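If you're matching positions, the sequence shown starts at 0 in numbering that gives the first Met the number 0 and goes up one per residue.
Below is one structure, written out as structure tokens, with a few remarks after it.
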Amino acid sequence: MTPDHDPGLSKLLFDLALAHCQRFEQLGDLCDSEKAIEYGHISADLTNNNAEVLACLFANLGSAHNVRFENLGEATDLKDAIQYQSRALALTPVGHQNLTAILSNLGVSHNYQFHLLGELEELENAIKYQSRALALTPDGHPNIPTLLSNLGVSLSSRLDRLGKLSDVEDAIEYQSRALALTPDGHPDLPSRLANLGASHMGRFERLGELSDLKAAMEYVFRALALTPDGHPKLPHSLASLGNVLYKRFERLGELGELEDAIDYGSRALALTPDGHPGLSGILTNLGASHLRRFERLGELSDLEDAMGYQSRALALTPDGHPDLPTILSNFGASHMRRFGRLGELSNVEDAIELHSRALVLTLDGHPDLPGRLSNLGTSHVCRFSYQGELSDVEYAIEYHSRALALTPDNHPELASRLTDLGGSHSIRFKRLGKLSDLENAIEHQSRAIALAPDGHPDLPRRLTSVGSSHARQFERLGELSDLENAIKFESRALALTPDGHPDLLVIHANLGTSHTRRFKRLGNMSDLEHAIEYQSRALALTPDEHSNLPTILSNLGVSHGDRFERLGELRDLEDAIEYQSRALALTPDGHSALSNLLMNLASSHKSRFEQLRDLCDLEHAMRYEFRALSVSGAPREKFRIARTWANTAAIHHPDSCIEAYQTVIDLLPQFIWLGATTNQRYEDLSMTKALAVDAAHAAIQSSDYSLALE
């Protein structure tokens, strides 16, 4: 043994620390990292006045702490790394051969600190030190590839934070140069391939060019192929390839690539120990892949898996972590999809809360800000679909408008932002009846379709959205060309949607409704037969627990009722009542669709009363109309319901006729208001035509002459 006072002990411990550090890099055994730090500290304590030796010790000690941070994620290690590397820098004179390595490593540590804390100053420091290191290093120096690669990583990180395209262009240039200088078999080759692949992925997310996606796939796949089993970076390599495959699925729609993404992500998760700093990122990405598979195949097990992984990721992420907004946003997206499938209001409330938290934590100017605004807007649309509160659709338009304003013209998400904003305007039109909303909807949705390349997996949804808006415009203006456009867009959406896709049920349902409208306009039985065919297929595709099931049942019932009116087959009327009764039984109190379902069922019962003269049908009809009136909703819709109830009572139930007409008259001030446009007021007033005469007639029939004079 070397005695403690032996002057060679410090050198021996230094060499031993360095050997442990190198063995850790080869084998990944954390015991080596611990030994490197232990021996490094003792060696530094034994070294007194030799500045050059101390600088070397501090630099290596900083690197050892950095390595341990990479594996354990302890913030204290990163703090110690920066402290020791800064002390090493202060002790190293200009021109010293170790200066560039110290600067570069200090830059790497500041980059890690940025990812831990999210403070832009740390990233700027990283780029400053790494740029100095590169500038001080002559061409041909063996450290040039490392310096280029590290600077490229930091510039790529700044793209993620600021969204400046020039940063990723520079990152790709530096990392490509680094790769060109790295020989086959070099131990850093896999990491340099992976870094260059990540930068190409960043540029793809900014510009949407398939060439970048292809390059990312090539580099990341090569990196994984060069990473042996048991290597500490193998989980990261697997997760990176899974993420590239996930992005390829989003762009190209190939289900096999999504399956592969889940496979690689699952393998990465299985190899990542509890407590590893990369665990939450792997969980987040795997959750996102399962969510996409749910959206593609509709299997609830995928949605439950997605939420399980995202919940674990959230639990592992402390307040203040820069990844927290992303994790919150992804978890909110899963809650939103669960609401869409099961219709449970608590899920959409959770989605709004999670997206709101994510938005609050997102700084102005952050490139993810538009996406988080859009997600929150979509959550409000979902809640509006359940509760019908106008404030939700107003919030949706506000958030979607802000998201669109922040999205550059050449951004690949521009079409999605246009579709979302257009959909919100279309929904507000349905609620308020302002034609300008419908015009805005069709304009935005048409732009979105024009921006979508052939084969894009989101194109069917965009076609469906603009088709729905044209259908609403037909209902408002009566122009047959709008209905023809609706059927054209919905038919294209159907042709582009693969078998087994969960969106098929919505597309079939919408196409059936459009054919029903054309039947009512033109009277061609072929349209009605097509409507029933599409709606029946939609019903067959709809799981029992799906939130759209009541609407699909009700619409199919309406079509059977229309066929009864045309052909007189009582079987159709019985089917109409059966489907509409099932729809009503599945719809909870407070749902915004409830009044429409009640009125459809009331209409069918009135038709059966006219056919069979069974007073039970008439009582059912009036009860459903009265109940529909008690449901909260838009004033114009409530007026129409009250008018229908009054007409039914006037013909069949004179005793309640006065009450019905009084309700109609009381509703007038709620929707004929000075804030409406001239055209809107004219249309509203036309709805009241003959109302006074009908109400007076009802009062006279009831011998209430003073009320008739009023």
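Even glycine gets a Cβ: it sits at the ideal position worked out from N, Cα and C.
Note that the structure is a prediction, hence the values are computed from the model and not measured.
Contact check between the region 141-152 and the region 167-174: three or more CB pairs, one atom from each, fall below 8 angstroms, which counts as touching. Take the alpha-carbon of R416 and the one of S400: they are about 8 angstroms apart. Under the three-state reduction of DSSP output, D613 falls in the coil class, being neither helix nor strand.
When only Cα atoms are considered, E348 and H469 end up about 30 angstroms apart. Scanning its chain for C-beta atoms nearer than 6 angstroms, with the 5 sequence neighbours on each side dropped, one finds no residue around S85.
Between the C-alpha atoms of L251 and H455 there is a straight-line separation of about 6 angstroms. In the three-state scheme derived from DSSP, where H, G and I count as helix and E and B as strand, N110 is classed as helix. Distances from the alpha-carbon of I441 to those of P452, K429, S467 put S467 closest. Within the same chain, and ignoring the five residues on either side of A177 in sequence, the residues whose Cβ sits closer than 6 angstroms to its Cβ are P144, L147, S148, R191. In this chain, E568 is not harboured by any alpha helix (DSSP H), its DSSP state being neither H nor E.
Around the Cβ of C381, a 10 Å sphere holds 16 or more other Cβ atoms; the residue is buried. Secondary structure in the region 488-542: the alpha helix (DSSP H) runs of 4 residues or longer, each lying completely within the stretch, are 503-521, 524-540 in chain order. With a beta-carbon spacing of about 20 angstroms, S288 and L323 fall beyond the 8 angstroms limit used to define contacts.
Where Q174 is concerned, the enclosing alpha helix (DSSP H) starts and stops at 164-179. Put simply, the region 584-600 touches the region 547-558. At least three CB pairs are less than 8 angstroms apart.
Between the alpha carbons of Q112 and L285 lies a distance of about 25 angstroms.
In this structure, L504 lies away from L450, with their beta-carbon atoms at least 8 angstroms apart. Contact between A58 and A35 does not hold, since the beta-carbon distance rounds to 13 angstroms and is not under 8 angstroms.
Taking the C-beta atoms as reference points, G567 is found no nearer than 8 angstroms to S606.
One alpha carbon belongs to L268, the other to N97, and they sit about 38 angstroms apart. The Cβ-Cβ distance between A215 and I281 does not fall below 8 angstroms. Here DSSP, grouped into helix, strand and coil, assigns S468 to helix. Distance from the Cα of D166 is smallest, within the candidate group D187, L212, N65, L122, for L122. Counting the other CB atoms within 10 Å of its CB gives P317 a total below 16, which places it among the exposed residues. For H619, the CB contacts under 7 angstroms within the same chain, skipping 5 residues up- and downstream, are H604 in chain order.
Between L327 and R356, the gap from beta carbon to beta carbon is short of 8 angstroms.
Counting only residues of its own chain and dropping the five nearest sequence neighbours on each side, T271 has a CB closer than 7 angstroms to the CB of P234, G277, L278, I281. Boundaries of the alpha helix (DSSP H) around V347: 344-359.
Between the alpha carbons of S513 and D574 lies a distance of about 20 angstroms. Collapsing the DSSP output to three states places Q96 in coil.
Short of 7 angstroms from the beta carbon of R446, and not among the five residues preceding or following it, lie these beta carbons of its own chain, in chain order: L417. Around the beta carbon of N509, a 10 Å sphere encloses 16 or more other beta carbons of the protein chains shown; the residue is thus reported as buried. In terms of Cβ geometry, S156 and P189 do not form a close pair [threshold 8 angstroms]. A Cβ-Cβ separation of about 25 angstroms leaves I448 out of contact with L431 under the 8 angstroms criterion.
In this structure, the alpha-carbon of V465 lies about 50 angstroms from that of S130.
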